[in-house]
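In the working numbering, the protein residues as written are 6 to 317.
The following block contains the structure:
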């Protein structure tokens, strides 16, 4: 009796380049599988391999990497020994021509190699990786004690795990900035401290932060802005006069619900707010706390006038 052949899935498949089945987009990029050949690979393993190039369109193969080219790269790497784990299959090499170090992607991450995600996607070993010039007077003048994203302590010095921004000289953990870049994408990724974009992105790319060329994560969610289409329908005044309840609202007349013209997140019935019609402006109590004194006086006089008219 023949055994049923188990169908290969993306979850249990291993990356053909690094040999890991781990699916961790933060560390290795998206894990993907080519439909016909069933070849699985991490995105970072593909784009960082020294002998692999995109020879097809983005919608062909694995984001433009043809299966035959991937297999050829695996064959090339099978003859190369990783400088760190001493196992064969290392497909990434230090971009400095005089350097002979080669490594697997997981080994590169463990040994503080710097991987750049632009241009020809060069990689650098720990000895030759780009460094930040922290000794400049601009950087020495600031005395940060915490990463202003996670508020954990960090030592303000040139180290692989810490990065200093060129725009405002604030310090961050590398992994905090990488998480921010993956969530915000190229179009929204800015300095969290001063909102600079050009200088900040240029330095982050140089220092190995991957900034995906896509919209922010919240822009990609299905029906992400559906809540904005829903209007607030509730009377928030302490003394609601409507016998049908606070959630009742008619299309016209005394029980029409109006929203605060300042915040839009509070409501009141026309009658409860002593308005002449639903077209009159009404401001909730919370917004009145922050309203300029002149505006408060003007609104108070207008409200008094309305009360007189309603009493006649």
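All C-beta atoms in this analysis are idealised placements derived from N, C-alpha and C, irrespective of residue type, glycine included.
Give me the Cβ distance between residue 90 and residue 112, rounded to the nearest whole Å; I'm assuming they're in contact under 8 Å. 5 Å
Compare the beta carbon distance of residue 237 and residue 270 with 8 Å and say whether it is the shorter of the two. yes
Going along the chain, which residues of its own chain have a beta-carbon closer than 7 Å to the beta-carbon of residue 95, five neighbours each way excluded? 82, 85, 86, 87, 107, 108 and 109
Can you name the start and end residues of the alpha helix (DSSP H) that residue 272 belongs to? Here residue 272 belongs to no alpha helix (DSSP H); instead the beta strand (DSSP E) covers 272-274.
Pull up the DSSP beta-bridge partners for residue 128, would you. 99 and 120
What do you reckon, are the CB atoms on residue 42 and residue 97 nearer than 8 Å? no
Ignore the nearest five residues each way along the sequence and tell me which others in residue 202's own chain have a CB closer than 7 Å to its CB. 195
Between residue 183 and residue 31, which are expected to be in contact by the criterion C-beta below 8 Å, what is the C-beta distance as a whole number of angstroms? 7 Å
Tell me the residue span of the beta strand (DSSP E) that contains residue 263. 262-264
For residue 37, which beta-bridge partners are listed by DSSP? 46
Nearest to residue 186 by alpha carbon, out of 214, 290 and 163? 214
Measuring straight from C-alpha to C-alpha, what distance separates residue 211 and residue 92? Straight-line Cα distance between these residues: approximately 29 Å.
Should residue 50 go down as buried or exposed, given a rule of 16 or more other Cβ atoms within 10 Å for buried? buried
Nearest-angstrom Cα distance between residue 70 and residue 125? 15 Å
Simplified DSSP state of residue 169, which is helix, strand or coil: strand
For the beta strand (DSSP E) that residue 177 lies in, which residues bound it at each end? 176-178
Taking the straight line between their C-alpha atoms, what separation do you get for residue 154 and residue 60? 40 Å
Beta-carbon separation of residue 38 and residue 15 under 8 Å? yes
Count the C-beta pairs between the segment 118-138 and the segment 162-170 that are closer than 8 Å, then say yes if the count reaches three, no if not. yes
Round the Cβ separation of residue 274 and residue 240 to the nearest angstrom and send it over; I've been treating them as touching at under 8 Å. Sure, about 5 Å apart at Cβ, within 8 Å.
For residue 339 and residue 197, which I take to be in contact (beta-carbon distance under 8 Å), what is that distance rounded to the nearest angstrom? With the chain running from 6 to 317 in the structure shown, residue 339 is simply not present.
Buried versus exposed, by CB contacts within 10 Å (16 or more), residue 208: buried
Span separating the alpha-carbon of residue 216 from that of residue 44: 26 Å
Inter-residue spacing [alpha-carbon to alpha-carbon] between residue 74 and residue 57: 7 Å
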